[in-house]
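Colleague: As they're listed, the protein sequences go chains R and V. Basically my numbering = 1-based index in the first sequence + 104. Basically my numbering = 1-based index in the second sequence + 104.
2 protein chains.
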Amino acid sequence: MKTLDLVLPDTRYPIHIGQQLLGKVELITSHLKQPRVAIVTNTTVAALYLEPLLRSLEQAGIDCLPVILPDGEDFKTWDTLNQIFDALLSHRCERGTTLIALGGGVIGDMTGFAAACYQRGVPFIQIPTTLLAQVDSSVGGKTAINHPQGKNMIGAFYQPQAVIADMDLLDTLPERELSAGLAEIIKYGLLGDEQFLGWLEQNMSALRKRDKQALAYAVEHSCKMKADIVAQDEKEQGMRALLNLGHTFGHAIEAGLGFGTWLHGEAVGAGMQLAAEASRQLGWLDQAQVARVEAVLKQAGLPTVAPALGTARWIELMGHDKKVEGGEIRFVLLKSLGHAVVAKLPAAILEQTLNSRFVGNIA
Amino acid sequence: MKTLDLVLPDTRYPIHIGQQLLGKVELITSHLKQPRVAIVTNTTVAALYLEPLLRSLEQAGIDCLPVILPDGEDFKTWDTLNQIFDALLSHRCERGTTLIALGGGVIGDMTGFAAACYQRGVPFIQIPTTLLAQVDSSVGGKTAINHPQGKNMIGAFYQPQAVIADMDLLDTLPERELSAGLAEIIKYGLLGDEQFLGWLEQNMSALRKRDKQALAYAVEHSCKMKADIVAQDEKEQGMRALLNLGHTFGHAIEAGLGFGTWLHGEAVGAGMQLAAEASRQLGWLDQAQVARVEAVLKQAGLPTVAPALGTARWIELMGHDKKVEGGEIRFVLLKSLGHAVVAKLPAAILEQTLNSRFVGNIA
């Protein structure tokens, strides 16, 4: 097991990465204020991992309340969030009760937001069960639910007590979800570390075969990059926005097709391809670099062509992005591979990008 | 105009107290990140004060989006909160858009919570239009909505950019609401300043006649006490809980009768009477002191007898209090007049209190 520390002005917390961590109950119990937790998970994950977690916590004398939600991005709503509040209140959970998020990004985001709001804030611990959640959403304290008019529009910056990333939990992850997680890993290479991008190109087949050592290295490297960025800019006043590479296009894809149609990581994959293409049209990348992005995304099993939503609809959807400033959409673009910046995009270039070969053959 | 400063580890903000402040638009504009605000108010307040505020902001070149909600504590719900989000998203309000809460405690709590959650946090300014909001709820950053199972159960600690308390707005306040505000003012005397309690006894008739100078002094003194306490304990880890004097009983009254039946301040008034009676039964206060509490509450036009909810129902409702720890309800009680403490109450004394002459003649 390796442990990274995320150090923030007001708090710090460990990110544990390794195998057989679900049984190491002290990683959880050392953070509890009272011998009581609520474990928030979904029907899919509960069937696989709830019992072993319950068993080890109960053996340690911890009272556990399981809260089992429906599975999927389309349930990342107020109604589902309220199921958590109902359960916590019905069972009289207190300010000292710790919530545990056992699941992927949706469960982590919702549990974190529930923890931020319940009685104005209770502790929580992230146990991410997808690759995407392990490398990205479980780290850094962004929590949220979706609104019909935009993804992650209602949320909070609220940090967990600890993140426990157990590679063994990835054994049961569907192929498509594994690829979605690889999208966020590729993102770290593209936005800030070309050498890591090279490592990914060389090790992609090991990653897709779920080689535990390769996975652990990729998770650790991604978390380290994220922790460094978040430590410098917790509330996204500046450089944290770089972590949104591919996300302005990606969120529009998710909202445009209906949340849950494409996985978040798939949408981010196609979104990064569009960001690369836009960067090429700005003269920042060349054809070969755009092709390199396309190749690594394909290696990871990700889409590189976004659905044809229609230019007007694209722009409308992207207008809801949280980076919009004074009515202008701001994009994360690539000055070079391994060097992202936040920039505005001239309307003509945006339009050309949305009419490039990277948009269109899927409805 | 007097200005107090609330100084916190991460931020500081001014509390302006005076007359004719609604026209002093620089008190608002000096805090804006972009020339755009959303003014959240309710139907009652909008009819009185929205136009003048809009006029002075628009003259200053500020784009204003009014969001007018239904009036009343029973609307302090997710559904009403979501009306704010719908309006902000439909009008593409951004992270730099400031929300202005123009209203009483319900509007302030909901607008503050909306500001805490919208795009994970946007700035907001409090313009409290009730005495209760001016002396208490607008200061200190507690925001929330109610849940059917408990008051203020879903919320955040989130500080405004400024609080603007204009005494002129109290001219139109209904008598009953004025008394409700006086309850929170009396609270400050009881919990921490016996001399101020004496001042209130002597000046109660001036306050009820809405003498502007007397009101401004009472607001200023209350805000100063609150600011001192919040500065020491923003997140209610300790002494901030003292501000909950009368609130454990009071919240049970509000929830037990249905939110909005009694005003919050009325419930707190009767709740403080019960806290005084419980303190007497513990041997901390004598009969004369309990009678003094009763007299000042009556002077203020407040109820001193709580509704008969039935002991079991009382205890059930109070079990949802945010101060519950390890299943035990903790109360704010009076060691003496002007000296509150947080303490547990032996079951027998709680029961005697709930069967005292301060509970019962109202259904």
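Ideal placement from N, C-alpha and C gives every residue a C-beta, glycine not left out.
Determine, for residue 312(R), whether the minimum Cβ-Cβ distance to residues of chain V falls below 8 Å.
Modeller: Start at 1 with the first residue of the first sequence, and residue 312(R) comes out as number 208. Not closer than 8 Å to any Cβ of chain V, the Cβ of residue 312(R) fails to qualify, so no.
Colleague: Please classify residue 339(V): does DSSP put it in a helix, a strand, or coil?
Modeller: For this step, residue 339(V) is matched to residue 235 along the second sequence. Three-state result, residue 339(V): coil.
Colleague: Short of 7 Å Cβ to Cβ, which residues in the segment 249 to 264 of chain R face chain V?
Modeller: 251, 253, 254, 257, 258, 259, 260 and 261
Colleague: In the DSSP assignment, find the beta strand (DSSP E) that holds residue 146(R) and state where it starts and stops.
Modeller: The residue labelled residue 146(R) in the question sits at position 42 within the first sequence. Taken as a continuous stretch (DSSP letters only), the beta strand (DSSP E) holding residue 146(R) covers 140 to 146.
Colleague: Thinking C-alpha only, which one of 127(R), 400(R) and 453(R) is nearest residue 292(R)?
Modeller: As a first step, residue 292(R) is located in the first sequence; it is residue number 188 there, counting from the start. Measuring from the Cα of residue 292(R), the nearest candidate turns out to be 400(R).
Colleague: If you reduce the DSSP assignment to three classes, tell me which class residue 467(R) lands in.
Modeller: Counting from 1 along the first sequence, the entry for residue 467(R) is found at position 363. Residue confidence for residue 467(R) is low, a pLDDT of 47 falling below 50, so the modelled location carries little weight and cannot support an answer.
Colleague: If you pair each beta-carbon of the segment 446 to 463 of chain V with each one of the segment 409 to 423 of chain V, do three or more pairs fall below 8 Å?
Modeller: yes
Colleague: Going by DSSP in three states, residue 377(V) sits in which element: helix, strand or coil?
Modeller: On the second sequence, position 273 is the one that residue 377(V) refers to. Note: residue 377(V) maps to helix in three-state DSSP.
Colleague: Mind checking the segment 409 to 441 of chain V against chain R and listing, in chain order, the residues whose C-beta falls within less than 7 Å of any C-beta there?
Modeller: 423, 424, 426, 428, 429 and 430
Colleague: Going by DSSP, what residue range makes up the alpha helix (DSSP H) through residue 291(V)?
Modeller: Working through the second sequence from its first residue, we reach residue 291(V) at position 187. Here the alpha helix (DSSP H) through residue 291(V) covers 279 to 296.
Colleague: Can you tell me the Cα-Cα spacing of residue 165(R) and residue 203(V), whole angstroms?
Modeller: Residue 165(R) sits at position 61 when you count from the first residue of the first sequence. Residue 203(V) sits at position 99 when you count from the first residue of the second sequence. One C-alpha to the other measures close to 46 Å.
Colleague: Buried or exposed: where does residue 362(V) fall if 16 or more other Cβ atoms within 10 Å of its Cβ makes it buried?
Modeller: Here the question's residue 362(V) lines up with position 258 in the second sequence. Classification of residue 362(V): exposed, given that the 10 Å Cβ count is below 16.
Colleague: In whole angstroms, what is the alpha-carbon distance linking residue 414(R) and residue 345(R)?
Modeller: The residue you call residue 414(R) lines up with position 310 of the first sequence. The residue you call residue 345(R) lines up with position 241 of the first sequence. If I take the Cα positions, the gap works out to 26 Å.
Colleague: Which residues bound the beta strand (DSSP E) around residue 205(R)?
Modeller: Along the first sequence, one-based indexing puts residue 205(R) at 101. That run of the beta strand (DSSP E) goes 202 to 207.
Colleague: Our contact map puts residue 410(V) next to residue 463(V) with C-beta atoms below 8 Å; I'd like the distance itself, whole angstroms only.
Modeller: Counting from one through the second sequence, the residue named residue 410(V) turns up at place 306. Counting from one through the second sequence, the residue named residue 463(V) turns up at place 359. About 5 Å separates the CB atoms of residue 410(V) and residue 463(V); that is less than 8 Å, so the two are in contact.
Colleague: Would you check if the distance between the CB atom of residue 284(V) and the CB atom of residue 368(V) is smaller than 8 Å?
Modeller: By 1-based counting over the second sequence, the position of residue 284(V) is 180. By 1-based counting over the second sequence, the position of residue 368(V) is 264. Closer than 8 Å, so yes.
Colleague: For residue 198(R), go through chain V and note every residue whose CB falls closer than 7 Å to its CB, in chain order.
Modeller: On the first sequence, position 94 is the one that residue 198(R) refers to. The answer, in chain order, is 428 and 429.
Colleague: Along the segment 158 to 190 of chain V, what residues have a CB closer than 8 Å to any CB found in chain R?
Modeller: 182, 186, 189 and 190
Colleague: When you check each C-beta in the segment 128 to 151 of chain V against every C-beta of chain R, which residues fall closer than 8 Å?
Modeller: 138
Colleague: Would you say residue 132(R) and residue 327(R) are within 8 Å of each other, going by their C-beta atoms?
Modeller: Mapped onto the first sequence, residue 132(R) falls at position 28. Mapped onto the first sequence, residue 327(R) falls at position 223. No, they are not a contact pair.
Colleague: Would a C-beta distance cut-off of 8 Å place residue 243(R) and residue 205(R) closer than the cut-off?
Modeller: Sequence index remark: in the first sequence, residue 243(R) carries index 139 (1-based). Sequence index remark: in the first sequence, residue 205(R) carries index 101 (1-based). No; because the gap between Cβ atoms is not below 8 Å, this pair is not in contact.
Colleague: What residues in its chain sit with their C-beta under 7 Å from that of residue 233(R), if we drop five residues either side in the sequence?
Modeller: For the purposes of this step, residue 233(R) is taken as residue 129 along the first sequence, with counting starting at 1. Excluding positions up to five away in sequence, the list reads 149, 153, 206, 207, 208 and 273.
Colleague: Mind listing, in chain order, the continuous alpha helix (DSSP H) runs of no fewer than 4 residues lying wholly within the segment 345 to 433 of chain V?
Modeller: Listed in chain order, they are 351 to 361, 368 to 385, 391 to 403 and 415 to 422.
Colleague: Count the other C-beta atoms from every protein chain shown that fall within 10 angstroms of the C-beta of residue 213(R), then say buried if there are 16 or more, exposed otherwise.
Modeller: Along the first sequence, read from residue 1 onward, the residue named residue 213(R) stands at position 109. Buried, since its Cβ has 16 or more Cβ neighbours within 10 Å.
Colleague: What are the residues of the segment 219 to 235 of chain R that lie near chain V, defined by any Cβ-Cβ distance shorter than 9 Å?
Modeller: 220, 221, 222, 223, 224 and 225
Colleague: Within a Cβ cutoff of 6 Å, which residues of the same chain sit near residue 444(V), ignoring the five residues on either side of it in sequence?
Modeller: Residue 444(V) sits at position 340 when you count from the first residue of the second sequence. Within the same chain, residue 444(V) has close Cβ partners 295, 346, 349, 436 and 438.
Colleague: Our contact map puts residue 308(V) next to residue 404(V) with C-beta atoms below 8 Å; I'd like the distance itself, whole angstroms only.
Modeller: Counting from 1 along the second sequence, the entry for residue 308(V) is found at position 204. Counting from 1 along the second sequence, the entry for residue 404(V) is found at position 300. At roughly 6 Å, the Cβ-Cβ gap stays under 8 Å, so residue 308(V) and residue 404(V) are in contact.
Colleague: Which value, in whole angstroms, describes the spacing of the CA atoms of residue 334(V) and residue 112(V)?
Modeller: Translated into the one-based positions of the second sequence, residue 334(V) becomes position 230. Translated into the one-based positions of the second sequence, residue 112(V) becomes position 8. Approximately 8 Å, taken between the alpha carbons.
Colleague: List the residues that DSSP assigns as beta-bridge partners of residue 448(R).
Modeller: Looking up residue 448(R) in the first sequence gives position 344. According to DSSP, which records beta bridges pairwise, residue 448(R) is partnered with 434(R).
Colleague: From the beta carbon of residue 347(R), is the nearest beta carbon of chain V less than 8 Å away?
Modeller: Position 243 of the first sequence, counting from 1, holds the residue named residue 347(R). Chain V contact via Cβ: absent.
Colleague: Once you ignore the five residues that flank residue 467(V) on each side, which residues in its own chain have a CB closer than 8 Å to its CB?
Modeller: Position 363 of the second sequence, counting from 1, holds the residue named residue 467(V). Only weak support is given to the placement of residue 467(V): the predicted model assigns it a pLDDT of 47, under 50, and the question is left unresolved by the model.
Colleague: At 3 residues or longer, and completely inside the segment 237 to 282 of chain R: list those beta strand (DSSP E) runs for me, N to C.
Modeller: 246 to 251, 254 to 261 and 266 to 270
Colleague: State the DSSP-derived secondary structure class of residue 174(R), mapped to helix, strand or coil.
Modeller: As a first step, residue 174(R) must be located in the first sequence, where it is residue number 70. If DSSP states are grouped into helix, strand and coil, residue 174(R) belongs with coil.
Colleague: If you compare alpha carbons, which of 289(V), 385(V) and 238(V) is closest to residue 302(V)?
Modeller: Taking the first residue of the second sequence as 1, we reach residue 302(V) at position 198. The candidate whose alpha carbon is nearest that of residue 302(V) is 289(V).
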